[in-house]
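Heads up: the sequence shown at position 37 corresponds to 979 in my numbering, and the numbers run straight through without jumps. The C-beta atom is built at its ideal place from N, Cα and C for all residues, glycine as well. For reference, the structure discussed in these notes is given below.
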Amino acid sequence: AVNTIRVESDGRLSGDNTDARGFIADLRDHNVDPAGRQVLVLGAGGSARAVVYGLAEAGCAGVKILNRTLTHATDLAERMQGYFPGCPITAHASLAEIGADAHAADLIINCTSLGMTPNVETTPWDESISFRPGQVVYDLVYNPPETRLLAKARADGAVAIGGLGMLIWQGALALERWTGEVAPVAVMRQACLTHFGR
């Protein structure tokens, strides 16, 4: 899906999507390199598509896509596997099906809207399953800043990262595409923090 359109010098329109690169940029801002990591992605919508693409392009070891509608996860897995044949990408419908692999995942990413304002009591995670120290849990939800998922991850000793950074980075990359100038990421971050009252 295109989120950035630019008029080229010859008058043609060109489209780009900055979500995948924005997500990877924010991971790296938090000193998380996805290369060689096993990843569990929750959800199979548009944001999951960008995240899985970015992870596979960055060299992750494998991706498990978990979605309650298995056909959506399967469609996404097959499509991404076509782009990245060297990265195992599989589809699953429940945490129970994944079993111990959920605990073994290095990086768990919520690409659903569960936990987003106003539905802050919802979570995509079975809270009877603990995270482990060293695991990275990334929630694309950015409002509220601390979702129920992130609170659980933090309480279990995992690294918890909210989605505001991805929002900022994908906007910064779009701005750079439009203007040809380096985006003022720090200024953009402060504006977002002020907007969300942080």
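The shortest C-alpha to C-alpha distance from I1071 to any of K1094, I947, L1018, V944 is the one to K1094.
Rounded to the nearest whole angstrom, the C-alpha separation of C1002 and L1135 is 30 Å. Exposed is the label assigned to H1137, since fewer than 16 other Cβ atoms lie within 10 Å of its Cβ.
Straight through space, the alpha carbons of P976 and T1089 are spaced by roughly 22 Å. The beta carbon of V1127 is closer than 8 Å to those of I1110, W1111, A1114 in its chain, skipping five residues each way along the sequence.
By the CB criterion at 8 Å, L1049 and R979 fall inside the cutoff. From the listed residues V1083, V1005, W1120, E1118, the smallest Cα separation to A1102 is found for V1083. If you keep only unbroken alpha helix (DSSP H) runs of at least 4 residues inside the stretch 1040-1128, you get 1042-1046, 1090-1097, 1106-1121. The criterion of a C-beta distance shorter than 8 Å is not satisfied by G996 and I1031.
Using a C-beta cut-off of 8 Å, the stretch 1018-1029 makes no contact with the stretch 1039-1046, since fewer than three inter-stretch Cβ pairs fall below that distance. Less than 8 Å divides the Cβ of N1052 from the Cβ of L1091.
Taking the Cβ atoms as the reference, R1119 lies roughly 19 Å from R991, outside the contact range of under 8 Å. Assignment of T1016 by DSSP, reduced to helix, strand and coil, places it in the helix class. By the Cβ neighbour-count rule, P1027 is exposed, with fewer than 16 other Cβ atoms within 10 Å of its own.
Between G985 and N959, the C-beta gap is not smaller than 8 Å, which leaves the two residues out of contact. Straight-line spacing of the CA atoms in G1122 and E950 works out to 12 Å.
Taking a contact as a CB-CB distance under 8 Å, the pair A998 and T1016 does not count as one, their CB atoms being some 16 Å apart. Per the DSSP secondary-structure output, Q980 pairs in a beta bridge with G1004. Around R1131, the same chain offers I1110 as residues with beta carbons nearer than 6 Å, after the five sequence neighbours per side are excluded.
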